[in-house]
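Here is the structure we will look at, set down as structure tokens.
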Amino acid sequence: MTERPGLAPGFEDYGLSSQRVFRLALGCLSRPCRALDFEAREGRPAWPLPPVAAALALTLLDSATPVWLSPSWRKAGDWLRFHRGCPVGGQAEKAAFILAASPAELPPLASLNQGSDRYPDSSATVIVASVLPLDGRRPWLAEGPGLDGPVIFEGHGLEAGFLDQWRGNRAAYPRGVDIFLAGEKHLAGLPRSVSLADFSGGDSRCM
Amino acid sequence: MNNDQSRRRRRLAAFSLAPLDQLAEGLKRICPRPGHTFLRRPESGLVMVRGRIGNTGPAFNIGEMLVTRCTVQYRGLLGHGWTPGRTARQAELAALGDALGQAAEHAGAIDRLVEKLEKIKQNQEARQSAELEDSQVDFFTLLRGEDQND
Amino acid sequence: MYVAVKGGAKAIEAAHRLMAKRRRGNPELPGISLDQIREQLGLAVDRVMAEGSLYSPELAALAVKQARGDLVEAIFLLRAARATFPRFGYCLPVDTGTMRVERRISATWKDLPGGQLLGPTFDYTHRLLDYSLMEEKEPAGRDGPAEIKGPGMKSPEMKRPKALKALLGEGLMEAEEDDGREPGDITRQPVDFPVDRAGRLQNLARSDEGFTLALAYSTQRGFGSVHPFVAELRQGTLSVEFTPEELGFPVTLGEIDLTECETVNQFKGGGGQPPTFTRGYGLAFGHNERKALAMAIVDRALRAEELGEEIKGPAQNQEFVFSHSDNVEAAGFVSHIKLPHYVDFQAELSMLRQMRKAANDDQR
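Chains as they are written, first to last, in numbering that gives the first Met the number 0: chain H, 0 to 206; chain C, 0 to 149; chain P, 0 to 363.
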């Protein structure tokens, strides 16, 4: 028996909440790099993951999606398995979803499932806890479908070295991973269709 | 499978197949105010039904079945319910019954309820079966010419 | 090429209102309930469940009601509803030998163990309209529930052995053995040809009945002959078991009705192997006799390559069968041409005008 008392409940109403969160996730992918408000009522304080990442995981995972959890989030494995029936604990390279407590805990993007040329949609999706932009950080320029020309993207806590990884992720397009940046009260999407470039602050393109 | 597990398996089967009113009434009699909480609210979803090629060969998928599941907590005991169709109430009651079956003070009464529900089902099956009996083919074969010489 | 055309929204709303009104019909007549559909149009519900690939008599009845009895539309509705539910997992393979049969016949053995049970069937009816049904009466006494003749009376056994057992014992029939492989799921994984038999059966289980029936018929008429005998056709109820992650042992989820058909067909052998009968298999949700029978015939036809038979009919071509058997896909693609194609057509029109002009100019 694999019974584990004391697990936290999931959504109050799975059908309604998962559909609202799914709608939000779609919005984040169709309007990339923009932090959209997450409705606080979907979350629960007892969850073992921060509410936005948790709600997204409850919405997107099921028995057919192997999940990899970064070290700080391993404790949520039982909870996710209980609610969504998803396989937990396998290798990151084989996972359909990567859940990471911070960008620093993220495996190299190139090591993740990139999908195939025929079925690029079978690649991994990353959900990473993020922070809203800090002052004084050098922003990036984002460009691609869903963006009205190049826009400034503050990176939401992604490290400077991420840019190279993202260039690599773009190189095999349409293969590649998609990323959700799950903030405290916001969700932003970084789909593989978006290109990021270094933005040397202060030049003429600023604002 | 140990004794507890087969007992549990038996009651979960009885609860999923029972008429809702009989299950509700039976549990109400055993524990009128259970005060359970939800760990997993009733949720409907799909289970892929599988068969086997020629019934003994490799497995294949036939199609999905709609089911409802629920997990409740009653005095620290976890009860799970799995019921067919969109049956939130039945899944909740099955989960509650499963939890009560683990509580020392209710276990005996739950076993008796399970027996009663099984009996209801057996009677229903016996009625169906009696109804079918007349459509059993009873061949009588005419003697063939060459057989008459034997 | 598709171009968004604006301005139709008002008309579309009105069309939907009209549809709702038509669906309801004459408001002076009582509306039809889901229970009535389930109980009195049960075979429509069963077909919608089989091809909608979702076992839920309740939702299938709702789909039939909403679709005004258009079963292909109802199947589409049920497929769409299916996509809104999470997938909990896969059940343990059902054992049709445990079925409480309501009907069980064999065309190959008169005296098969367990006997022939006709059950409710359209067979042996004269297909004459029963005008007495024009007025709905309460069921007559003899249709009422049968009496159980006292306690301890032995009711007829509802479980019956599988008919093919005897031939298998003699080694005259190819055995179906579990290779333990996890079957692919065509609703989850992209399909690449050739598809294995398990994948083909999943496709056939949800395939359009009319299409499958026509394919089966085509093999009988010579487009890839199969020469089937119905070894056994059974219909009935069995329970579905599933191992929830949190329990770690299988529990009963409920009961479903299934129809199963096993055919025996001509021989394979050679290469030192003695000849044996070959088999075709059909299994479908609900009471779907015609479908299960046709499925078994097409299953056998699709094994042509495996059994080294000449491929001479569409029913033996797995890409043809697999790609065209789904009526949701077929109806969607065929029906889409009634939606606006104004720009495509304008392009063809102007091309035609140019061609004619060029031809005219040449003549001059």
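Cβ atoms here follow ideal geometry from the backbone N, Cα and C, with glycine treated the same way.
Just so we're clear, the structure is a prediction, and the values are computed from it rather than from any experiment.
Exercise for the section: Out of P/Ile-336, P/Asp-325, P/Leu-252 and P/Lys-337, state which residue places its alpha-carbon closest to the alpha-carbon of P/Val-71. Expected result: Nearest Cα to P/Val-71 within the set P/Ile-336, P/Asp-325, P/Leu-252 and P/Lys-337: P/Asp-325.
Problem - Limits of the alpha helix (DSSP H) - the one that P/Thr-211 falls within - result: It spans 208-219 - the alpha helix (DSSP H) in which P/Thr-211 sits, taken as one unbroken run.
Problem - Secondary structure, alpha helix (DSSP H): runs of 4+ residues fully inside the region 89-148 of chain C - result: Within the region 89-148 of chain C, the complete alpha helix (DSSP H) runs of at least 4 residues are 106-131.
Handout entry: Per DSSP, cross-strand counterpart(s) of C/Leu-65
Key = Note: C/Leu-65 sits in a beta bridge opposite C/Leu-45.
Handout entry: is_contact[C/Phe-37, chain H] using C-beta, thresh 7 Å
Key = At least one CB of chain H lies nearer than 7 Å to the CB of C/Phe-37.
Problem - C/Arg-85: contacting residues in chain H (beta-carbon distance under 7 Å) - result: Below the 7 Å Cβ cutoff, chain H contributes no neighbours of C/Arg-85, its closest Cβ being approximately 11 Å away.
Practice task
State yes or no: is the beta carbon of P/Phe-241 nearer than 7 Å to at least one beta carbon in chain D?
Solution key: Absent from the structure is chain D; the protein chains it does hold are H, C and P.
Practice task
Using 10 angstroms around the beta-carbon of P/Asp-34, count the other beta-carbons present and answer buried if the total reaches 16, otherwise exposed.
Solution key: P/Asp-34 counts as exposed, since fewer than 16 other C-beta atoms from the protein chains shown sit within 10 angstroms of its C-beta.
Practice task
Taking only the alpha-carbon atoms, compute the straight-line gap between C/Ala-106 and C/Tyr-73 and give it to the nearest angstrom.
Solution key: If I take the Cα positions, the gap works out to 13 Å.
Practice task
Compute the Euclidean distance between the alpha carbons of P/Arg-67 and P/Leu-58, then round it to the nearest angstrom.
Solution key: Each residue's alpha carbon lies about 14 Å from the other.
Handout entry: Stretch pair the region 12-21 of chain P + the region 168-182 of chain P: three plus CB contacts closer than 8 Å
Key = With the cut-off at 8 Å, the region 12-21 of chain P and the region 168-182 of chain P do not touch.
Exercise for the section: Return yes when the C-beta of P/Gln-188 is under 6 Å from any heavy atom of the ligand GTP, and no when it is not. Expected result: The model on display carries no ligand, and the ligand GTP is accordingly not part of it.
Problem - Cβ of H/Leu-15 within 7 Å of any chain C Cβ - result: Chain C, which has no Cβ nearer than 7 Å to the Cβ of H/Leu-15, makes this no.
Exercise for the section: Taking 7 Å as the cut-off, decide whether the C-beta atoms of C/His-79 and C/Thr-86 are in contact. Expected result: Here C/His-79 is not near C/Thr-86, since their CB atoms are 7 Å or more apart.
Problem - Pairwise C-alpha distance: C/Asn-54 and P/Thr-95 - result: Rounded to whole angstroms, the separation of the alpha carbons of C/Asn-54 and P/Thr-95 is 6 Å.
Handout entry: P/Pro-29 to P/Arg-23 span [Cα, whole Å]
Key = Distance between the alpha carbons of P/Pro-29 and P/Arg-23 is about 9 Å.
Handout entry: Nearest residue (CA-CA) to C/Gln-4, options C/Leu-131, C/Asp-97 and C/Ser-128
Key = Taking only the C-alpha atoms, the option nearest C/Gln-4 is C/Asp-97.
Practice task
Compare the C-beta of H/Gly-9 with all C-beta atoms of chain P and state if any pair is closer than 7 Å.
Solution key: At a cut-off of 7 Å between C-beta atoms, H/Gly-9 does not count as an interface residue with respect to chain P.
Handout entry: Backbone CA spacing between C/Lys-120 and H/Val-20 [nearest angstrom]
Key = One Cα belongs to C/Lys-120, the other to H/Val-20, and the distance between them is close to 42 Å.
Exercise for the section: Use the C-beta contact count for P/Ile-121: other C-beta atoms within 10 angstroms, 16 or more gives buried, fewer gives exposed. Expected result: According to the sequence shown, residue 121 of chain P is Phe rather than Ile. Looking at its Cβ environment, which holds fewer than 16 other Cβ atoms inside 10 Å, P/Phe-121 is exposed.
Practice task
Taking P/Leu-214 as the reference, give the member of P/Ala-300, P/Glu-288 and P/Leu-252 with the closest Cα.
Solution key: Per the Cα distances, P/Ala-300.
Handout entry: Residues, ordered as in the chain, of the region 63-87 of chain P that lie near chain H by beta-carbon distance below 7 Å
Key = Hits within the stretch, in order: Pro-85, Arg-86 and Phe-87.
Exercise for the section: Just mark P/Glu-309 as buried or exposed, buried being the case when its beta carbon has 16 or more other beta carbons within 10 Å. Expected result: With fewer than 16 other Cβ atoms from the protein chains shown falling within 10 Å of its own Cβ, P/Glu-309 counts as exposed.
Handout entry: Under 7 Å between C-beta atoms of H/His-185 and H/Phe-37
Key = Here H/His-185 is near H/Phe-37, since their CB atoms are less than 7 Å apart.
Practice task
Answer with buried or exposed for P/Tyr-123, where buried requires no fewer than 16 other C-beta atoms within 10 angstroms of its C-beta.
Solution key: Around the beta carbon of P/Tyr-123, fewer than 16 other beta carbons sit within 10 angstroms, so the residue counts as exposed.
Exercise for the section: Whole angstroms is fine: what's the gap from P/Asp-256's alpha carbon to C/Cys-30's? Expected result: Approximately 34 Å between the Cα atoms of the pair.
Handout entry: For P/Phe-276, the three-state DSSP class (helix, strand or coil)
Key = P/Phe-276 sits in a strand when the DSSP states are folded into three classes.
Practice task
Report the rounded CA-to-CA distance for P/Asp-45 versus H/Gly-89, giving the unit in angstroms.
Solution key: In a straight line, the C-alpha of P/Asp-45 is about 40 Å away from that of H/Gly-89.
Practice task
State yes or no: is the beta carbon of H/Asp-163 nearer than 7 Å to at least one beta carbon in chain P?
Solution key: No, because no Cβ of chain P sits closer than 7 Å to the Cβ of H/Asp-163.
Exercise for the section: Could you name the residues of the same chain whose beta carbon sits closer than 6 Å to that of H/Pro-106, not counting the 5 residues immediately before and after it, in chain order? Expected result: The residues Ala-91, in chain order, have a CB closer than 6 Å to that of H/Pro-106 in the same chain once the five nearest residues on each side in sequence are set aside.
Exercise for the section: Tell whether a beta-carbon distance below 7 Å holds between H/Ser-69 and H/Ala-100. Expected result: H/Ala-100 is positioned such that its CB atom lies closer than 7 Å to that of H/Ser-69.
Problem - Same chain, Cβ closer than 7 Å to C/Leu-65, five either side skipped, listed in chain order - result: The residues are Ser-43, Leu-45, Gly-84 and Arg-85.
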